[in-house]
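Take the sequence shown: its position 167, counted from the start at 1, is 167 in UniProt numbering, and no numbers get skipped. Presented below is the structure to which this report refers.
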Amino acid sequence: LANQHAECQALSAKHRHLENLVRELQRDNVELREQINRAEAEDENSLTESDKYTRAQSLRVELAAKVEQIAVLEERLAKAEAANDVLNAQLKSNQVRTHTFSKRNYVWQATENSRTEDEVSQGLHLTAHVAQQLATELEGIDVLNAESLLESVRNLKRYSFYGKCVQRANTYLAMICQ
């Protein structure tokens, strides 16, 4: 019994000793990891001359790629601005269209957007009454453009006695909108 008790105390002491060794090894492990992390950070910060040259070359390549992307984007921007200018010019052209009223006839004359000179010379001839109705429709409109003219013609369509004149107006309006 005394031998078993002595063996038990020896094993217990050995167990405590092993636990202490494990704790020390864990502390050493943490310290070594910290040292490795510091060493890696120092390695990154203190590149050798050849590493610096290689890094500079890779940065130059990246810079060249970015410059190419910028050039492509600037080209797209220039095209978009040109398209925007064209659309603004067309919008101004549509807003500045001339229209002529006479006592008996209303003639809508196209400027840039007409398909052929023959279509322009035909014009749109309306009776004085229809011209008066259209003028009444257009009075409240601040800016005369294709949309406002189309809405006015649609309002005239409500009256069936405008028949052929309204068809001509729609045909001519389709030419203008294209």
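For glycine and all other residues, C-beta sits at the position ideal for the given N, C-alpha and C. From a predicted model like this one, the values you see are computed outputs, not experimental measurements.
Sequence-distant partners of residue 53 (beyond 5 residues in either direction) whose C-beta falls short of 8 Å from its own C-beta are missing from its chain. In the three-state scheme derived from DSSP, where H, G and I count as helix and E and B as strand, residue 1 is classed as coil. Burial state of residue 94 is buried, judged by a 10 Å Cβ sphere holding 16 or more other Cβ atoms. By the neighbour-count criterion, in which 16 or more other beta carbons inside 10 Å mark a residue as buried, residue 152 falls on the buried side.
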